[in-house]
Amino acid sequence: MTSAAVVADVASNDKAPKMSWASKFGFDRFSGLYLIAAFFVFFGLTENNYLTWNGSIEFVLTEKVIVSMLALAFLVPLITGTFDLSIGANMALCLVIVNKMALETNLPDGVGAAVGMAACLVIGVINGLIVVKLRVNSFIATLGMSQVIAALIHKIHDGGQITKAFGTEYINFGKKAIFTFHWPGTHSEISLPYYFLYGLIVAFAVWYVLEHTPVGRHMFATGGNPEAARLSGVKIDRIAWGSLIASAAIAGFAGLIYSWKFGTYSNSVGPPLLFTAVGAAFFGASQLKGRPNVWGTLIAVYTLAFGIKGIGLRYPRQVDWMQPMFEGLTLILAVALASRLGIVKVARRRSDVRNEPTPEPSHPIPADIVDPIAETLESRSQ
Amino acid sequence: MSKLLEVRDLTKTFPGQVALKSFDVVLAAGRTHALVGQNGSGKSTFIKILAGYHQPDPGSSAELAGHPLYLGDGKAAYRAGIRFVHQDLGLVDGLDTVDNIAMGVGYVTHRGGRINWKANTAQARDGLESLGFGNINVSRPVGSLAPSERTAVALARSMRGWEDHAHLLVLDEPTASLPGDDVERLFNAIRIMKERGVAILYVSHHIDEVFAIADDVTVLRDGQRVATHSTSELDHEGVIELMIGHRLERTQHKSRALVGAIGGLRVNGLSGGAINNLDLVVQPGEIVGVTGITGSGREMLAPLITGQTPSDAGRVEVAGRAVKNYSPDDSIRAGMAFVPADRATQGIIPLASVTHNMTLADVRRNWRRGLLRHKEETVECVELIERLSVKTSSPATPITALSGGNQQKVLFGRSLRLQPTVLVLDEPTSGIDVAAKEQILLLIDQAAQEGAAVLVVSTDTDELVRVAHRIIILSGGAIVEEFTGVDMTSENVEKAQLRSTKEGDQ
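Protein chains in written order, with the numbering used here: chain A, 255 to 636; chain B, -6 to 499.
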């Protein structure tokens, strides 16, 4: 190394930004956990039932497995720079198929579950086809697809609820307790159902692929800069397509969990959960790692859930308007935060890679929804 | 000479770093003043303070045309008539020239607010014509214009609304995206503005440009002004010496003789884009330089060989085996590695760490029995970081925190990790400072010594002469001339390029 090089290196020395008090205590990366703690203290002191197993904890832990799955379904393509807005509809599709088949055929309920999952996989393949081959922006493609799925659901079951379609064996498969713990001296007991475990397995599987396999690394690279990823030998088409199939499958699995937990179908299930799922995935991107990640997403889901549960207990008559308000504001704040940190799709500008490093944290860059894969594909097709 | 802007005692500190220290500068109307310095020397900080993006530390003062100027206020700077053309130009590709020019200052309107298209179009046309770019079709989308024309549009926009006042125009790396022969057209426009009495602050990495266009030059080093001179008092080497604080060893690389081994890269009948039926052989251990003017096919060669852009016809062989050259993935698997021309859009993954950027092309190497071995990966990266002398606080630092030269070294590391049989480099030193450039040239030489066949496509003749065994001149998509040994001088190579232009014109 020449001495000239040493000079240049000293000159271009990058300084780590000074830690602010907020980041020292982890208020940024662990804000979700701090919020949960705050909810526990506040609602725990004001509401008698809040910190009890039967009052809210069991409810939140088990019910939110479903929306956790949807949030992971949104997370997987988000990492590759692709949006899948059809996950809510996909969940409903799987749910209606498994209910309908249990109701109207003599086949075992498990076959219906398999058919439901297969249908979701097909949707995932078609989503990929539209995004990768037809070069439709994923945001638009999956938005359109969710309406197509809504139409299919109408065709499959034109009406309201389906109840009591399943045999006990099917329900037990998901709902029986992993463990039961009797609280000494009382009648209350603590238990968690098997579907909680299944959800955890899915979360671990997604985490494993994202963080511990080359495929995961390629997914992050594709989301970060698809053209650079392509030129490094990453098959970005396959990555985007695969992520849409995975997302459809996870969304379908959310439908199965719903069927185990509630044993019913209603036409109001599915798409409304999309909102919470999207919010959690973006909120989760600001947690733990400073980029979209599995555990951050789950922390986000449960932070929101414990907040809403507390609101529901404290203001039972207000919850109808407070819940959507809370969710809406959280989504906006989460995305604002995430784009401020440069975590999610921001307008890629030259200034991000200026030759001279800016010796202070980067300024907020206006976020906009760009679809890097579609953009790259477009520029290539020209 | 009349003083236009005087800045005195300007200091700017960031946490843990003094970016500018008691900086003084005087800019005169009707003169071009160049600001040079290595990355991190403080030139960007100065521009950002002028633009009002950073606040200076207390104690500085500035005077513009006799009135005090408050530094660190973007609006005040704008009102005082300071305009900026940044490296990325800030144009909207989908809109035409008229719209782009109006974006800065607003449209001319009829009474009632309706846009007066005729007047706007005429103004845009006049503005461009006065800069010597009267041939631009102002109703075409800006994205379809040539790079020099786009720069002209940005210049015309910055000039609008203050045609009659003599004020200050700041050009930040204006030639960064310009191919060599377009630079002269830009210089022409700059000279026209200068004649109108505009003071021009010209920031560039290219010392040659400074001598071609500037009247005065100020050299910054580590946040301090080292010298201000008239360009007639200095020479190229002198400026570099001031920039880095001592004399630069300009070693000739390409240390050993070729053995004439078989293998390496063989290209037969390659066609696509501007390239037409091109044959080329690069032996193992050989460094072949390729250059040519814009439109000669120079920009297309590396993308075609590496499969970045699909070719129409032709055969590419690596070590005797044909590559299905339709995707970068195939060429990498065949033993090729390449560093693309545009680091920002084609090279780095912005949010990822140095490690993840370095290992991207070959993540699988550290994947065993179902787990990515993160520790092993980091250790290998640290070795590469040391070998390439990448300046980074840790392997986990986001790559965007590094300077351009260091980012480029990381991309080199990505390629070298593949232990390529063939290494294809497209503009490997564009936009990086002098010292980092020396290191990159050294790395190119090392890669060849280790047995890679290296193809370097570049507009920088000087760099090719120093690093290559052989230089090929492209024109009209084919090889027109080749230089080796003592004939291979900057002068000969540049003359050959110009000769090929004349032939092309016939």
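Ideal placement from N, C-alpha and C gives every residue a C-beta, glycine not left out. Since the model is a prediction, treat every value here as computed from it, not as a measurement.
- Going by DSSP, B:Q217 is part of the beta strand (DSSP E) stretching over 217 to 223.
- Assignment of A:H408 by DSSP, reduced to helix, strand and coil, places it in the helix class.
- Separation of the CB atoms of B:P421 and A:L485 is rounded to 15 Å, and the pair is thereby denied contact status at 8 Å.
- Residue pairing of B:D165 in beta bridges, as defined by DSSP: B:V196.
- Taking C-beta atoms as the reference points, A:F328 and A:V532 count as a pair closer than 8 Å.
- Taking a Cβ-Cβ threshold of 8 Å, the residues of chain B close to A:E481 are T338, Q339, in chain order.
- No Cβ-Cβ contact shorter than 8 Å links A:E481 with B:T393.
- Three or more beta-carbon pairs drawn from the region 21 to 28 of chain B and the region 203 to 216 of chain B are found closer than 8 Å, and the two stretches are therefore classed as touching.
- For B:A354, the neighbours in chain A by C-beta distance under 8 Å run, in chain order, S486, G487.
- Note on B:G398: 16 or more other CB atoms within 10 angstroms of its CB, so buried under the neighbour-count rule.
- Annotated three-state conformation of B:G83 is coil, per DSSP.
- Residue pairing of B:A330 in beta bridges, as defined by DSSP: B:L416.
- Pairing B:K(-4) with B:V18, the inter-Cα distance amounts to about 11 Å.
- Using a Cβ distance threshold of 8 Å, A:G478 and B:L344 count as a contacting pair.
- In terms of Cβ geometry, B:L84 and B:V131 do not form a close pair [threshold 8 Å].
- Contact with chain A is found for B:I325, since one of that chain's Cβ atoms lies less than 8 Å from the residue's Cβ.
- Excluding its 5 nearest sequence neighbours in each direction, B:R76 has C-beta neighbours in its own chain below 6 Å: S151, L162, listed in chain order.
- Listed along chain B, the residues sitting closer than 8 Å to A:A475 by beta-carbon distance are I342, A345, H349, L353.
- Distance from the CA atom of B:A115 to the CA atom of B:L467, rounded to whole angstroms, is 40 Å.
- Just measuring C-alpha positions, the residue of A:G453, A:F529, A:I444 sitting nearest A:G309 is A:I444.
- By the C-beta density criterion, B:H349 is buried, having at least 16 other C-beta atoms within 10 angstroms.
- The beta-carbon of B:Q217 is placed no less than 8 Å from the nearest beta-carbon of chain A.
- Not flagged as an interface residue toward chain B: A:P331, since no C-beta distance is shorter than 8 Å.
- When Cβ-Cβ separations below 8 Å define contact, A:R471 makes contact with chain B.
- Going by DSSP, A:D363 is part of the alpha helix (DSSP H) stretching over 363 to 382.
- Residues of the region 64 to 85 of chain B with a C-beta atom less than 7 Å from some C-beta of chain A are Q80, D81, listed in chain order.
- B:E188 and B:A149 have their C-alpha atoms spaced approximately 15 Å apart.
- The criterion of a C-beta distance shorter than 8 Å is satisfied by A:I511 and A:G428.
- When 7 Å is used as the limit between beta carbons, B:Q301 is near these residues of chain A: L485, in chain order.
- Here DSSP, grouped into helix, strand and coil, assigns B:G406 to helix.
- Here DSSP, grouped into helix, strand and coil, assigns B:V19 to strand.
- Counting C-beta atoms within 10 angstroms of its own C-beta, B:E230 has fewer than 16 neighbours from the protein chains shown and is therefore classed as exposed.
- Between the region 353 to 365 of chain A and the region 417 to 427 of chain A there are three or more inter-stretch CB-CB distances shorter than 8 Å, so the stretches are counted as touching.
- Residue state for A:L329 is assigned as helix, using DSSP reduced to three classes.
- The Cβ atoms of A:H472 and A:V460 lie no closer than 8 Å to each other.
- Not a single C-beta of chain A is nearer than 8 Å to the C-beta of B:D201.
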